[in-house]
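Notes to accompany the following structure.
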Amino acid sequence: MAQALANLVIAGVTKAGTTSLFAYLAQHPDVFAPAGKEVNYFSPLIYGRQPAGLERYAAHYEKAGPQPWRLDASPSYFVGGATVAHAVRDTLGRPRVLILLRNPVTRLWSSYTYKRSKGHLPREMDFSAFVDACCTHYRQGTDKRPENAHFLTLRTGMYSQFLGAWLETFGADLRVVFAEDLAASPRDVVRAVLRWLDVADEPLDTFDLARHNTTQQPRSVLVRRVGYGLNRVLSRVISDRSRLKSGLRSLYARTNTAPLAEVLTDRDRERVRAIYAPSVAECAALLRRHGYSGMPSWLDAAIGEDRRAP
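Residues in the sequence shown are numbered consecutively from 50, following the numbering used here.
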């Protein structure tokens with residue numbers, strides 16, 4: 050008997066609502082979702098390594114029933130470009146692929162605050178210094194090294210470097226979803242995705258459409274580390290969508306979170322916008338060539354600027 054593997058992949062991008070979309074789709078009776086969101090089977094290819102044996106991947110789906118769709122939500126795949134896109138196609142046949150895109154400026158800020166909340170960055174590193182480090186690693190190509198993975202997030206926001214390969218590889222089997230649309234109208238976006246998958250959208254009326262994986266700053270670094278370790282252990286045996294995990298997350302949020310004192314300044318916002326501007330313009334043009342319209346303002350503005358360019 051052939052191994053059951055994923056045939057629906059959320060391939061990108063990190064910090065663009067992929068956890069929420071995963072949670073929404075996982076509630077549908079025609080979608081099987083593994084216990085943990087990110088399988089990351091193909092992610093080693095990003096760093097020039099080979100994935101583990103296929104049986105390791107299949108193990109995530111051994112409990113799948115007759116559902117027509119088996120979900121792999123691993124948003125890091127996107128930055129692997131053609132290498133990962135081709136591996137996904139060659140391994141899975143013709144899966145459906147979803148890629149979420151978000152304004153790269155707010156995405157980078159969100160990525161920074163998330164990494165801060167997890168203790169992945171030096172305590173003295175503010176956002177400006179973080180951007181400096183990202184830019185240095187980007188120019189040198191050292192952000193592609195595993196030990197510098199936390200600084201790869203700047204490159205991830207250069208959507209035009211990777212999106213073309215995914216669109217060319219999967220064609221009509223790929224759908225781009227905009228994070229801003231998902232946040233503003235989750236029911237409409239999920240309904241459109243369900244219809245694209247050719248499954249009933251009536252179950253959507255019962256879905257919990259609350260946002261997921263919002264960044265929370267810890268009051269205590271020690272408590273955060275203990276909680277993070279406990280979560281990793283539990284994720285091996287308990288679904289991220291279980292009542293126990295939900296209750297533990299709520300308890301942690303009540304007892305060990307605090308507002309982030311740092312804010313995104315206008316100066317830093319404009320600096321990051323300028324860094325991404327050429328890529329955003331190329332991304333907007335690419336999406337238009339593939340028939341996308343009604344795009345978010347950060348892409349529409351890029352199209353307008355491109356039209357005004359001499």
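Heads up, the beta-carbon is just placed ideally off N, CA and C, and yes, glycines get one too.
Should residue i and residue j be called a contact, given that it needs their Cβ atoms to be closer than 8 Å?
i: L203; j: W118; result: no
i: L258; j: Y126; result: no
i: G206; j: R156; result: yes
i: Y325; j: P153; result: yes
i: A228; j: A350; result: no
i: V225; j: L348; result: no
i: V128; j: F91; result: no
i: F374; j: A82; result: The structure shown does not extend to residue 374, since the chain is modelled only from 50 to 359, so the question has no answer here.
i: S209; j: E331; result: yes
i: A131; j: L94; result: no
i: L141; j: A75; result: no
i: L243; j: H77; result: yes
I need the straight-line Cα distance from residue i to residue j, nearest angstrom please.
i: E311; j: L201; result: 22 Å
i: P100; j: D139; result: 13 Å
i: R143; j: F219; result: 8 Å
i: P115; j: D79; result: 8 Å
i: A198; j: A113; result: 32 Å
i: D237; j: M344; result: 15 Å
i: L170; j: D247; result: 43 Å
i: A232; j: S346; result: 14 Å
i: D181; j: Q189; result: 12 Å
i: C183; j: E319; result: 16 Å
i: G102; j: E87; result: 17 Å
i: E196; j: H186; result: 11 Å
i: R260; j: R338; result: 31 Å
i: P359; j: D315; result: Residue confidence is low: P359 scores 28 on pLDDT, short of 50, so the model does not pin down where it sits. No coordinate-derived value is stated.
i: V321; j: Y163; result: 17 Å
i: R194; j: K167; result: 20 Å
Note down, in chain order, each residue of its chain lying with its Cβ closer than 8 Å to the Cβ of residue i, except the 5 sequence neighbours on either side.
i: E104; result: Q52
i: L223; result: R145, V146, L147, I148, W215, L216
i: G213; result: L335
i: D230; result: D237, V238, P345
Residues in its own chain within less than 6 Å of residue i by CB, not counting five upstream and five downstream?
i: R356; result: Low per-residue confidence applies at R356: pLDDT is 37, beneath 50, and the placement is therefore not dependable enough to give any value.
i: N89; result: S123
i: Y161; result: F176, F179
Going by other Cβ atoms of all chains shown within 10 Å of its Cβ, with 16 needed for buried, is residue i buried or exposed?
i: L68; result: First, the amino acid is wrong: residue 68 is Thr here, not Leu. So T68 counts as buried.
i: H109; result: buried
i: Y96; result: exposed
i: S159; result: buried
i: A323; result: exposed
i: R151; result: buried
i: A333; result: buried
i: T63; result: buried
i: E173; result: exposed
i: T317; result: One detail in the question is off: residue 317 reads as Asp in this sequence, not Thr. Classification for D317: buried.
i: D192; result: buried
Give every residue of the same chain whose Cβ lies closer than 7 Å to the Cβ of residue i, excluding the five residues on either side of it in the sequence, and list them in chain order.
i: R240; result: D250, L253
i: A107; result: Q52, A53, L54
i: A221; result: none
Using 8 Å as the limit for Cβ to Cβ distance, is residue i near chain C?
i: E173; result: In the displayed structure, chain C is absent; only one protein chain is listed.
What ranges does the beta strand (DSSP E) occupy inside the segment 127–166, keeping only unbroken runs of at least 3 residues that lie completely in it?
145–150
Report the start-end ranges of each alpha helix (DSSP H) in the segment 89–126 that is 4 residues or longer and not cut off at the edges.
103–107
I'd like the ranges of any beta strand (DSSP E) spanning at least 3 consecutive residues and lying wholly in the segment 191–272.
223–227
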